[in-house]
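Inspection log for the structure reproduced underneath, given as structure tokens.
Numbering (the numbering used here), first residue to last: 485 to 780.
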């Protein structure tokens, strides 16, 4: 065997080995995606099967009555919408501003690394800890009481790590040539960021908003101390009013309500409405992100 033939044989074996590895990993990735999709379908099917009988017009448009064994969940839907939108209004500006500072202004060093380390740790803090912090700080010390504002602030801070992380990744994805071209034309650093970098990165930043919106809408422990109440058939008049919320209402019906077995279909129906509401808000955000990307 000549030297060239030996080299060709080695290259073929190497190429075959890479092809096998690639096929194995792609198969594992596909299997993971299929498992996740199947898990979602099974959960949705289970909720539809057990909760579809509860979904009526009255269920969606009336407050609970008769110790929450009858009636609807309108105050819960409105409360969840207020809390979720309030959390987004708080977390998005703070998160995007923090990401801009860390990626565009801060001198990379030990301080910035410590800040990122703290943000990563904040993402792993249990939501009940945020709820207790909100109870001690917003409800008691700031005297905001149990209200939409207290709950939105807690959920906003709970969502901050997601928003900051996705916003930083979006800013890093913008090519440096954009910045260099803008600065070369005489624009200031802030003009470059606000008119060139931020518009190019903003569609990707919406991803963090979508994830934080989903998390805020489904949180129970964070709002049970700061915003949600057991029963309130009145819709809120201001941000200083307490509210009912879908996740907390499910918890109450399943653990502390009267006639738990009698309200089983209401529990599944409420969970189904929560899933539909989160999916609806996510779809709106995805459509908005797609339109932004077309404009960029």
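Idealized CB from N, CA, C, for every residue including glycine. On a predicted model such as this, the values are computed, not experimentally measured, just so you know.
- The beta carbon of residue 710 sits closer than 7 Å to those of 615, 618, 619, 622, 623, 630, 634, 635 and 638, all from its chain and outside the five residues before and after it, given in chain order.
- DSSP, read as helix, strand or coil, puts residue 608 in coil.
- The C-beta of residue 659 has fewer than 16 other C-beta atoms within 10 Å across all chains shown, which makes the residue exposed.
- Using a Cβ distance threshold of 7 Å, residue 704 and residue 683 do not count as a contacting pair.
- In this structure, DSSP gives residue 670 a state outside helix and strand, which the three-state scheme calls coil.
- Counting every other CB atom within 10 Å of its CB across the protein chains shown gives residue 645 a total of 16 or more, marking it as buried.
- DSSP, read as helix, strand or coil, puts residue 505 in helix.
- Taking a contact as a CB-CB distance under 8 Å, the pair residue 727 and residue 632 counts as one, their CB atoms being some 6 Å apart.
- Scanning the region 608 to 652 from its first residue to its last, the whole alpha helix (DSSP H) runs of 4-plus residues come out as 611 to 618.
- The continuous alpha helix (DSSP H) containing residue 541 extends over residues 541 to 545.
- Residue environment: residue 552 is assigned as buried (16 or more neighbouring CB atoms within 10 Å of its CB, all protein chains considered).
- A straight line joining the alpha-carbon of residue 508 with that of residue 514 spans about 10 Å.
- For residue 723, there is no enclosing alpha helix (DSSP H), since its DSSP letter is neither H nor E.
- The beta carbon of residue 676 is closer than 7 Å to those of 663, 666 and 667 in its chain, skipping five residues each way along the sequence.
- Across the structure, residue 577 and residue 606 are spaced so that their CA atoms are roughly 18 Å apart.
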